[in-house]
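According to UniProt numbering, the residues represented by the sequence shown are 1 to 273, in order.
Heads up: the structure comes next, in structure tokens.
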Amino acid sequence: MSTIPPTIARSWLLLPADKSERFDAAVASEMDVVVLDVEDGCRQSEKERARREVRQWLEAGNHAWIRINDVRSPEWEKDLMALGHCPGLDGVMLAKTENPEHVSLTAARLAEDTPIVALVESADGLAAATEIAKTDQVVRLAFGIGDYRRDTGIGSSQIAMAYTRSQFVVSSRVARVAPPIDGPTISNDTQVLMDAAEHAVEMGMTGKLCLRVDQAPYINEVLSPSAADVSWAESVIDELGPGGERCRDGADLPRLARAQKIAHLAQAYAVAR
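Have a look at this one:
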């Protein structure tokens with residue numbers, strides 16, 4: 001099971017919570033984070049069974065995140081009552097977050113310091129993204145592309161979505177939380193997936209939602225420093241010193257900071273030079 005913290009996790013699997021037979025394989029995969037989905041991942045008729053099976057699995061000593069229903073749904077309270085204080089609950093992804101109060105109400109019903117990823121899926125949510133990201137316990141924003149497109153009528157092309165992705169990145173930076181998680185890519189074409197992940201990186205996003213376990217290695221590869229990046233970072237740190245003791249001028253400091261960030265990520269992701 002991955003030990004990569006949520007602030008730098010790359011691949012986030014949304015796994016239907018009514019498919020308990022797939023839980024063990026998912027957490028044993030290359031996914032950084034497994035999110036058991038009791039919201040859109042479950043039919044209404046299966047939600048109660050899904051909550052029961054998730055709880056049993058967590059109480060058996062396992063760990064995962066859960067995606068819960070949005071605050072306005074009657075299922076939200078049921079999700080939190082059944083799962084909000086489960087042992088093994090690593091964090092909560094809150095669907096259809098539209099304002100800071102949605103997060104605060106949720107956090108109040110969770111165990112203290114449970115991390116929350118706010119899934120923003122509407123124009124209202126995007127307009128409030130900075131304030132949402134500033135709310136206690138929010139560690140990252142995530143982009144719910146499908147519902148957002150339904151809400152706004154925006155197309156799926158990179159140019160059509162560029163403003164929205166930029167807003168996620170800027171809001172996260174202003175709030176001083178980790179860069180955001182991009183939405184999933186539906187295509188089964190590996191090249192399409194990798195192109196989408198590369199675009200997310202270019203836009204400043206550092207994670208991506210997934211719908212299939214087999215997407216993990218491709219997303220993790222694109223969202224990790226390359227071997228060339230690691231080699232460059234090590235050479236810069238050797239040149240300037242780990243603490244910047246050999247920096248010559250102001251231009252060296254940003255270079256060292258970037259090198260140190262790459263080296264930290266490479267260590268966390270076990271990227272070889």
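No residue lacks a Cβ here, since even glycine has one placed at the ideal position from N, Cα and C.
Since we're looking at a predicted model, the values are computed, not measured.
- In the three-state DSSP reduction, G91 falls in the strand class (E or B).
- Around the beta carbon of R140, a 10 Å sphere encloses 16 or more other beta carbons of the protein chains shown; the residue is thus reported as buried.
- The shortest CA-to-CA distance from L80 to any of A107, W57, L58 is the one to A107.
- Look at D32 here: in three-state DSSP terms it is coil, with no helix or strand label.
- Between I132 and P100, the C-beta spacing is below 8 Å.
- Judged by DSSP secondary structure, I186 falls outside any alpha helix (DSSP H); it is assigned neither H nor E.
- Counting the other Cβ atoms within 10 Å of the Cβ of V192 gives fewer than 16, which makes it exposed.
- Taking a C-beta distance under 8 Å as the contact criterion, M194 and Y218 qualify as a contact pair.
- CA-CA distance, E239 to A162, rounds to 37 Å.
- Assignment of P16 by DSSP, reduced to helix, strand and coil, places it in the strand class.
- Around the C-beta of L209, 16 or more other C-beta atoms lie within 10 Å, and the residue is accordingly described as buried.
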